[in-house]
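In the numbering used here, each residue's number is its place in the sequence shown (first place is 1) plus 96.
Beta carbons: idealized from backbone N, C-alpha and C, even for Gly.
This structure is a prediction, so every number in the text was calculated from the model and none was measured.
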Amino acid sequence: SSALAFAKQTTTTTTTATSTQSVTMTSTAQAAIYVTSGTVTAPFVQQAGGYAEIPEGVGATGAVLAFPVICTGSATATFKAEIIAPDADSDSFTLQLDDGSQSDWHTGVGSSWFWSVTSPSISMTAGSHTVKVRGCEDGIKIRALRFESGMTGAGCQWQQSTTTTTSTHTPTMSSSLSMTSTLIATEAVMAGQYDVWYQGTRSAAVLTITCD
């Protein structure tokens, strides 16, 4: 009798998912831009309801909302913000264009969403700019910023960012050989070692035949 060792081929397929994000800037002729289209810097916090707030008790140092805008001309502009400013200790920002001077902006007080008092004026010029709303006091919430004047005169349009996520799935195949033994009653098989071929390719395994 002869003991025959057989090689068994096992193929495993693994899929790897890769995600990439791209940001697209688009212009809008609307007077208002929402905080979801701006850049939020802590301690401003972006909330699920589509607004940003400086939570009560954390202080306002470093809080910035930044809104990109592009203009084709020059004009003096003012703004209003859609806010909740619950009391006199939570009712102000500073307004800044790019890295220029900052102007105090007292918004008025309201416990539900309302459009604030008009901001101080800033001088818009042709080109790309960033309008920055800086936090002064914690406890204030803001949902949108809009041009109150100067938008048409300076030919300004807000730049809104859209993030697109693309997923790529890449399959990877790997093969392995395992050995099994079967007892075959035959006189035709010679004892020895033989190469193992699988689907036309020689494998690293060796077939060993022993005769009792």
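Bridge partners - residue i, DSSP secondary structure assignment
{"i": "C167", "result": "G223, C252"}
{"i": "S199", "result": "L191"}
{"i": "E239", "result": "Here residue 239 is Arg; the residue named in the question, Glu, does not match the sequence. According to DSSP, which records beta bridges pairwise, R239 is partnered with nothing at all."}
{"i": "P182", "result": "P182 pairs with nothing; no bridge assigned."}
{"i": "T137", "result": "V160"}
{"i": "A148", "result": "Q142, I238"}
Spatial distance of residue i from residue j (CA atoms)
{"i": "H225", "j": "G153", "result": "32 Å"}
{"i": "E149", "j": "T110", "result": "44 Å"}
{"i": "F175", "j": "P267", "result": "53 Å"}
{"i": "A144", "j": "I180", "result": "16 Å"}
{"i": "M220", "j": "F243", "result": "12 Å"}
{"i": "W209", "j": "L241", "result": "13 Å"}
Burial state of residue i, where buried means 16 or more other Cβ atoms lie within 10 Å
{"i": "D183", "result": "exposed"}
{"i": "D187", "result": "buried"}
{"i": "L279", "result": "Interpretation of L279 is limited by its pLDDT of 47, a score under 50 that renders its predicted location unreliable; the figure taken from the coordinates is listed afterwards. L279 is exposed by the Cβ-count criterion."}
{"i": "V119", "result": "Note that V119 scores a pLDDT of 46, beneath 50, so its modelled location is shaky and nothing firm can be said."}
{"i": "G158", "result": "exposed"}
{"i": "T297", "result": "exposed"}
{"i": "T172", "result": "exposed"}
{"i": "G223", "result": "exposed"}
Residues near residue i in its chain [Cβ-Cβ closer than 6 Å; skip 5 each side]
{"i": "T135", "result": "A162"}
Same chain only: Cβ atoms within 7 Å of residue i, ignoring 5 sequence neighbours per side
{"i": "T190", "result": "Q198, S199, D200, W201, R230, C232"}
Decide yes or no for the touch test of the region 195-204 against the region 215-225: beta carbon pairs closer than 8 Å, at least 3 of them.
yes
How do the region 128-146 and the region 160-168 stand: do at least 3 beta-carbon pairs fall below 8 Å, yes or no?
yes
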